[in-house]
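Asker:
Number of protein chains: 2
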Amino acid sequence: MTQEDQFEKLLAFFKALADENRLKIIGLLASRSYTVEDLADALGLGASTTSHHLAKLAKAGLVSARTDGHYYIYSLQTDVLKDMSRQMLQEDELPKLSAPVSEDVFEQKVLATFLDSEGRIKAFPMQEKKYLVILRHVVKSFEMGKRYTEKQVSETLAAFNEDFALLRRDLVDYKFMAREGGGREYWRLE
Amino acid sequence: MTQEDQFEKLLAFFKALADENRLKIIGLLASRSYTVEDLADALGLGASTTSHHLAKLAKAGLVSARTDGHYYIYSLQTDVLKDMSRQMLQEDELPKLSAPVSEDVFEQKVLATFLDSEGRIKAFPMQEKKYLVILRHVVKSFEMGKRYTEKQVSETLAAFNEDFALLRRDLVDYKFMAREGGGREYWRLE
DNA sequence: GAATCAATTCGATAAACATCAATATGTATT
DNA sequence: AATACATATTGATGTTTATCGAATTGATTC
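Line by line, the protein sequences give chains G and U.
Quick note on numbering: the first sequence equals residues 98 to 287 in our numbering.
Quick note on numbering: the second sequence equals residues 98 to 287 in our numbering.
#1: Contact check, VAL177 (chain U) vs GLY158 (chain U) under 8 Å by CB: the rounded distance?
#2: Tell me, to the nearest whole angstrom, how far the beta carbon of SER161 (chain G) is from that of ALA152 (chain G); I am working on the premise that it is less than 8 Å.
#3: Using a cut-off of 7 Å between C-beta atoms, extract the partners of VAL207 (chain U) located in chain G.
#4: Roughly how many angstroms lie between the CA atoms of LEU136 (chain G) and ASN118 (chain U), to the nearest whole one?
#5: Taking the alpha carbon of GLY278 (chain U) as the point to measure from, which residue in U:VAL250, U:MET241, U:LEU286, U:THR246 has its own alpha carbon closest?
#6: Cβ closer than 8 Å: which chain G residues qualify as neighbours of LEU107 (chain U)?
#7: My output table needs one value for LEU142 (chain U): the three-state DSSP class, helix, strand or coil.
#8: Mind listing the chain G neighbours of ALA115 (chain U)? Cutoff is C-beta to C-beta under 7 Å, in chain order.
#9: Quick check on the DSSP output: the beta strand (DSSP E) that includes THR164 (chain U) runs from which residue to which?
#10: Go ahead and pull the three-state DSSP assignment for GLU200 (chain G).
#11: Taking Cβ to Cβ, would you say SER128 (chain U) is nearer than 7 Å to PRO192 (chain G)?
#12: What does LYS226 (chain U) reach in chain G if we use C-beta pairs closer than 9 Å?
#13: If you draw a straight line from the C-alpha of ALA139 (chain U) to the C-alpha of ALA256 (chain U), how long is it?
#14: Would you kindly report the start and end of the unbroken alpha helix (DSSP H) that includes TYR228 (chain U)?
#15: Which residue or residues does DSSP assign as beta-bridge partners of SER128 (chain U)?
#16: Would you verify that the beta carbon of SER182 (chain U) is, or is not, closer than 7 Å to some beta carbon of chain G?
#17: Where do the N-terminal and C-terminal ends of the alpha helix (DSSP H) with GLU101 (chain U) fall, by residue?
#18: List the endpoints of the continuous alpha helix (DSSP H) containing GLU252 (chain U).
#19: Name the residues in the stretch 153-182 of chain G whose C-beta lies less than 7 Å from a C-beta of chain U; which are they?
#20: Is the CB-CB distance between LEU120 (chain G) and LEU114 (chain G) below 7 Å?
#21: Between LEU39 (chain U) and VAL235 (chain U), how many whole angstroms is the CB-CB distance? I'm expecting something under 8 Å.
#22: Answer yes or no: does any C-beta atom of chain G fall closer than 7 Å to that of MET185 (chain U)?
#23: Taking all protein chains shown into account, do 16 or more other C-beta atoms lie within 10 angstroms of the C-beta of ARG265 (chain U), making it buried, or fewer, making it exposed?
#24: For a test of the three-state rule: what should DSSP assign to GLU282 (chain U), helix, strand or coil?
#25: Between the alpha carbons of LEU173 (chain G) and ARG233 (chain G), how many angstroms are there, rounded?
#26: Return the chain-ordered list of same chain residues with a C-beta closer than 8 Å to the C-beta of HIS149 (chain G), the five sequence neighbours on each side being excluded.
#27: Using the Cβ count rule (16 or more neighbours within 10 Å means buried), how would you classify LEU142 (chain U)?
#28: Going by the beta-carbon positions, is the gap between VAL207 (chain G) and LYS227 (chain G) smaller than 7 Å?
#29: Based on the DSSP secondary-structure assignment, which residues constitute the bridge partners of ARG276 (chain G)?
#30: Whose C-beta lies closer than 7 Å to the C-beta of ASP213 (chain G) among residues of the same chain, with five residues either side of it excluded?
#31: DSSP three-state call for ARG183 (chain G): helix, strand or coil?
#32: Grab the span of the beta strand (DSSP E) containing LEU173 (chain G) for me, first residue to last.
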């Protein structure tokens with residue numbers, strides 16, 4: 098299982114138990130098996146709602162049902178419960194939870210937030226760190242080693258946002274591009 | 098600690114961890130301590146949102162903060178994590194989760210659902226079991242041993258719902274009240 | 001004490017979720 | 001086959017919750 102799967106599994110596990118009535122269901126099933134209706138009566142919920150909760154618990158692998166006559170008998174599946182709690186006790190397992198947090202994910206999130214479907218900049222991020230993500234993305238439109246006139250640079254940047262002058266200035270200020278001849282020639286730095 | 102406190106604590110624990118970003122925070126803090134801003138950057142969230150998440154985790158006792166200069170340094174509190182996972186491993190602890198499930202709780206829930214803030218019946222439950230809770234509640238407006246005219250009964254019931262005739266009939270049908278003289282006198286039965 | 005910086009709180013918005021009632025599905029019993 | 005019954009699914013509604021940006025608080029430094 099990949100680490101991201103593991104993360105998703107753990108998240109689903111906690112979400113499954115993060116509800117008052119589902120937690121009570123686990124408590125009830127810990128003593129004995131129940132039909133859906135019996136659980137619904139014990140909890141004071143409708144049968145449909147109870148069924149919905151059981152479906153969530155089953156999806157997380159916490160309960161299972163066997164059919165018996167008219168009824169579905171639900172019982173507790175202690176394996177997942179034990180696996181998860183064991184994982185929480187091992188401290189060296191916890192850092193793996195942050196594996197999904199990578200620069201790639203962060204950058205994709207920023208780009209998804211501030212670019213529209215055509216790749217234009219909807220808004221400029223307030224946070225500098227996010228703005229740098231935008232600039233790093235924008236500068237990829239220029240080839241390394243190639244020289245550009247100011248007009249060429251402006252036209253390329255205008256495809257991202259009408260305020261191409263701001264982009265042009267910040268690309269230089271943040272050292273993504275350099276210029277010489279008072280702005281006659283531009284080139285990409287990183 | 099009472100069992101209900103224990104239940105609330107466990108529920109708060111699961112709710113605290115039932116969020117993608119809060120789970121990632123736990124993962125990050127498992128490696129080292131972070132400031133709020135660093136966490137916000139790593140997660141691609143605003144500082145206020147991150148602060149909100151940390152507050153939830155802190156309330157569940159999962160993280161703690163110490164102040165250092167301008168910064169608040171958040172770190173993981175492994176005790177609660179260990180306590181909770183240990184509890185899940187002990188099967189005899191689980192049935193206690195269902196302790197909050199009592200008739201009282203059920204009745205209160207039904208009443209909260211179907212009565213408005215002034216105690217009037219918003220809607221009539223479809224489920225008979227819940228309707229009985231309503232009737233049992235309504236009949237408390239009448240004193241045991243006292244006789245009432247139909248007009249008195251109707252006026253008292255009208256305070257609960259405009260369909261006082263339905264309530265009057267069902268109170269009799271379900272044996273909460275009795276009448277004689279073809280409806281000239283009513284009295285409470287249970 | 002004024003200015004600065006991080007963190008929290010507040011107010012608003014949008015998405016997720018629990019719940020219900022009604023309908024559909026599917027299994028047993030006649 | 002037909003009916004009856006328990007469960008699942010659907011559609012609708014109200015509540016909760018995650019998120020943001022702005023304003024405020026709190027603490028530090030000059």
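All residues carry an ideal CB built from backbone N, CA and C; glycine is no exception.
Answerer: Looking at the atomic coordinates:
#1: In the second sequence, counting from the first residue as 1, residue 177 (chain U) sits at position 80. In the second sequence, counting from the first residue as 1, residue 158 (chain U) sits at position 61. That belief holds up - the Cβ atoms of VAL177 (chain U) and GLY158 (chain U) are roughly 4 Å apart, short of 8 Å.
#2: Walking along the first sequence from the start, residue 161 (chain G) turns up at place 64. Walking along the first sequence from the start, residue 152 (chain G) turns up at place 55. Contact between SER161 (chain G) and ALA152 (chain G) is absent: CB atoms are separated by about 12 Å, not below the 8 Å threshold.
#3: Your numbering for residue 207 (chain U) matches position 110 in the second sequence. Ordered by position in chain G, the residues that pass the 7 Å Cβ test against VAL207 (chain U) are GLY141.
#4: Here the question's residue 136 (chain G) lines up with position 39 in the first sequence. Here the question's residue 118 (chain U) lines up with position 21 in the second sequence. Cα-Cα distance, rounded: 33 Å.
#5: Numbered from 1 along the second sequence, position 181 holds the residue referred to as residue 278 (chain U). Of the candidates U:VAL250, U:MET241, U:LEU286, U:THR246, the residue whose Cα lies closest to the Cα of GLY278 (chain U) is U:THR246.
#6: Along the second sequence, one-based indexing puts residue 107 (chain U) at 10. Those within 8 Å of LEU107 (chain U) in chain G are LEU120.
#7: For the purposes of this step, residue 142 (chain U) is identified with residue 45 of the second sequence, where counting begins at 1. Three-state DSSP puts LEU142 (chain U) in coil, outside helix and strand.
#8: On the second sequence, residue 115 (chain U) is found 18 positions in, with the first residue counted as 1. Those are PHE111, LYS112, ALA115, listed as they occur along chain G.
#9: Taking the first residue of the second sequence as position 1, residue 164 (chain U) is located at position 67. Taken as a continuous stretch (DSSP letters only), the beta strand (DSSP E) holding THR164 (chain U) covers 160-165.
#10: For the purposes of this step, residue 200 (chain G) is identified with residue 103 of the first sequence, where counting begins at 1. Bear in mind that a pLDDT of 48 at GLU200 (chain G), under 50, signals an unreliable position, so the number given afterwards is only what the model happens to contain. GLU200 (chain G) carries a helical assignment under DSSP once its states are collapsed to helix, strand and coil.
#11: For the purposes of this step, residue 128 (chain U) is taken as the residue at position 31 of the second sequence. For the purposes of this step, residue 192 (chain G) is taken as the residue at position 95 of the first sequence. Yes.
#12: Your numbering for residue 226 (chain U) matches position 129 in the second sequence. In chain order: ASP138, GLY141.
#13: Taking the first residue of the second sequence as 1, we reach residue 139 (chain U) at position 42. Taking the first residue of the second sequence as 1, we reach residue 256 (chain U) at position 159. Rounded to whole angstroms, ALA139 (chain U) to ALA256 (chain U) spans 58 Å at the Cα level.
#14: Counted from its first residue, the second sequence places residue 228 (chain U) at position 131. Counting along the chain, the alpha helix (DSSP H) containing TYR228 (chain U) begins and ends at 225-235.
#15: Here residue 128 (chain U) refers to the residue found at position 31 of the second sequence. According to DSSP, SER128 (chain U) shares a beta bridge with no other residue.
#16: Start at 1 with the first residue of the second sequence, and residue 182 (chain U) comes out as number 85. With 7 Å as the cut-off, SER182 (chain U) counts as an interface residue toward chain G.
#17: Along the second sequence, read from residue 1 onward, the residue named residue 101 (chain U) stands at position 4. It spans 100-114 - the alpha helix (DSSP H) in which GLU101 (chain U) sits, taken as one unbroken run.
#18: One-based indexing of the second sequence puts residue 252 (chain U) at position 155. Unbroken alpha helix (DSSP H) run through GLU252 (chain U): 247-255.
#19: THR175, LEU178, LYS179, SER182
#20: Here the question's residue 120 (chain G) lines up with position 23 in the first sequence. Here the question's residue 114 (chain G) lines up with position 17 in the first sequence. Yes, the pair counts as a contact, with Cβ atoms nearer than the cut-off.
#21: Here chain U has residues from 98 to 287 only, and residue 39 (chain U) is not among them.
#22: Translated into the one-based positions of the second sequence, residue 185 (chain U) becomes position 88. Yes, its Cβ sits closer than 7 Å to a Cβ of chain G.
#23: For the purposes of this step, residue 265 (chain U) is taken as residue 168 along the second sequence, with counting starting at 1. Its Cβ being crowded by 16 or more others within 10 Å, ARG265 (chain U) is buried.
#24: Against the second sequence, residue 282 (chain U) aligns to sequence position 185. Note: GLU282 (chain U) maps to strand in three-state DSSP.
#25: Along the first sequence, read from residue 1 onward, the residue named residue 173 (chain G) stands at position 76. Along the first sequence, read from residue 1 onward, the residue named residue 233 (chain G) stands at position 136. Between LEU173 (chain G) and ARG233 (chain G), the C-alpha separation is close to 51 Å.
#26: Translated into positions along the first sequence, residue 149 (chain G) becomes position 52. Around HIS149 (chain G): no qualifying Cβ.
#27: The sequence position of residue 142 (chain U) within the second sequence is 45, counting from 1. Result: buried.
#28: Indexing the first sequence from 1 puts residue 207 (chain G) at position 110. Indexing the first sequence from 1 puts residue 227 (chain G) at position 130. Cβ atoms of VAL207 (chain G) and LYS227 (chain G): closer than 7 Å.
#29: Residue 276 (chain G) sits at position 179 when you count from the first residue of the first sequence. ARG276 (chain G) is bridged to G:TYR283.
#30: By 1-based counting over the first sequence, the position of residue 213 (chain G) is 116. Within its own chain, the residues whose Cβ lies closer than 7 Å to the Cβ of ASP213 (chain G), once the five positions on either side in sequence are excluded, are LYS219, listed in chain order.
#31: Start at 1 with the first residue of the first sequence, and residue 183 (chain G) comes out as number 86. Three-state DSSP puts ARG183 (chain G) in a helix.
#32: Taking the first residue of the first sequence as 1, we reach residue 173 (chain G) at position 76. LEU173 (chain G) -> beta strand (DSSP E) spans 168-173.
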